């Protein structure tokens with residue numbers, strides 16, 4: 448979350464995916480859950496803002512930081528932006544917030560980002576444009592926040608989790624499973640074929656893990 452002065456850490460939020468239908472790597476499913484939860488709560492707590500009202504710069508300076516964003520920058524291109532737009536339409540807030548996709552350029556080079564606004568052709572900004580630099584800083588901060596949260600959660604998972612109860616799962620295999628799936632909960636929901644695809648996990652060990660979380664399969 449960012450304002451005119453840069454990152455606003457007090458407004459940052461992290462979400463743990465709750466849906467059992469979302470599998471690791473399902474970026475669209477995760478995006479849908481996070482966006483729906485984030486804005487459903489905002490609508491319930493704050494109501495939908497009236498964008499027809501305007502305030503002067505002096506008045507705005509005395510107002511608290513708004514919890515409703517003016518713009519959402521989506522880390523992705525047309526596909527991600529379209530998916531988010533559909534969620535905003537379902538919540539009836541397309542007039543209250545704008546979603547813009549930001550896709551990395553050729554070879555994922557910084558400075559070649561392409562922007563995908565709703566109802567307009569995509570465009571790029573000059574490499575030295577201060578707006579582009581500001582957006583790059585916001586993206587880097589968002590990545591830093593997400594990575595930090597992920598590492599903290601993984602560390603907590605490593606200390607004590609259900610994987611410790613499975614015979615044959617030592618520290619290295621436990622680490623491999625958590626690195627692949629993210630959390631012990633995701634491991635418990637994984638299909639046998641997905642468990643077998645983890646580096647260092649044999650078919651025998653994969654079946655042990657799967658059977659541990661699926662009692663019916665072991666009978």
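In the working numbering, the protein residues as written are 448 to 666. From the three backbone atoms N, C-alpha and C, an ideal C-beta is built for every residue, glycine too. Computed from a prediction, not measured in an experiment: that's the story for all the values here.
Problem - Euclidean distance between Cα positions of residue 461 and residue 647 - result: Translated into positions along the chain shown, residue 461 becomes position 14. Translated into positions along the chain shown, residue 647 becomes position 200. The alpha-carbon atoms of residue 461 and residue 647 are separated by roughly 31 Å.
Handout entry: Distance, residue 479 Cα to residue 583 Cα
Key = For the purposes of this step, residue 583 is taken as the residue at position 136 of the chain shown. For the purposes of this step, residue 479 is taken as the residue at position 32 of the chain shown. Their backbone Cα atoms lie some 23 Å apart in a straight line.
Problem - Sequence-distant residues of its chain with Cβ nearer than 8 Å to residue 655 (five each side left out) - result: For this step, residue 655 is matched to residue 208 along the chain shown. Cβ within range, chain order: 613, 614, 615 and 616.
Problem - Backbone secondary structure at residue 575 - three-state DSSP - result: Sequence index remark: in the chain shown, residue 575 carries index 128 (1-based). Three-state DSSP puts residue 575 in coil, outside helix and strand.
Practice task
Buried or exposed for residue 611, please, with buried defined as at least 16 other CB atoms from any protein chain shown within 10 angstroms of its CB.
Solution key: Along the chain shown, one-based indexing puts residue 611 at 164. Residue 611 comes out exposed.
Practice task
Have a look at residue 598 and residue 588 and give me their C-alpha separation to the nearest angstrom.
Solution key: The residue labelled residue 598 in the question sits at position 151 within the chain shown. The residue labelled residue 588 in the question sits at position 141 within the chain shown. So the two alpha carbons sit approximately 15 Å from each other.
Exercise for the section: Just grab the DSSP bridge partners of residue 561 for me. Expected result: For this step, residue 561 is matched to residue 114 along the chain shown. According to DSSP, which records beta bridges pairwise, residue 561 is partnered with 550 and 571.
Handout entry: As assigned by DSSP and simplified to three states, the class of residue 649
Key = Translated into positions along the chain shown, residue 649 becomes position 202. Residue state, collapsed to three classes: coil.
Problem - Best match in 482, 593 and 586 for proximity to residue 538 [C-alpha to C-alpha] - result: By 1-based counting over the chain shown, the position of residue 538 is 91. Comparing Cα-Cα distances from residue 538 to each of 482, 593 and 586, the minimum goes to 482.
Handout entry: Distance between residue 467 and residue 661 (C-alpha atoms, nearest Å)
Key = Against the chain shown, residue 661 aligns to sequence position 214. Against the chain shown, residue 467 aligns to sequence position 20. Between residue 661 and residue 467, the C-alpha separation is close to 14 Å.
Handout entry: Alpha-carbon to alpha-carbon, residue 475 and residue 563
Key = For this step, residue 563 is matched to residue 116 along the chain shown. For this step, residue 475 is matched to residue 28 along the chain shown. The alpha-carbon atoms of residue 563 and residue 475 are separated by roughly 17 Å.
Practice task
Tell me whether residue 521 is buried or exposed, calling it buried when 16 or more other Cβ atoms sit within 10 Å of its Cβ.
Solution key: Residue mapping note: residue 521 aligns to position 74 of the chain shown, counting from 1. Result: buried.
Practice task
Specify the secondary structure class of residue 538 as computed by DSSP and reduced to three states.
Solution key: Residue mapping note: residue 538 aligns to position 91 of the chain shown, counting from 1. In this structure, residue 538 counts as coil in the three-state DSSP scheme.
Practice task
With DSSP collapsed to three states, give me the class of residue 666.
Solution key: The count along the chain shown starts at 1 and reaches residue 666 at position 219. The predicted position of residue 666 is uncertain, since its pLDDT is 46 and thus under 50; no value can be drawn from it.
Exercise for the section: Would you tell me roughly how many angstroms separate the C-alpha atoms of residue 579 and residue 454, rounded to the nearest one? Expected result: Looking up residue 579 in the chain shown gives position 132. Looking up residue 454 in the chain shown gives position 7. For residue 579 and residue 454, the distance between alpha carbons rounds to 15 Å.
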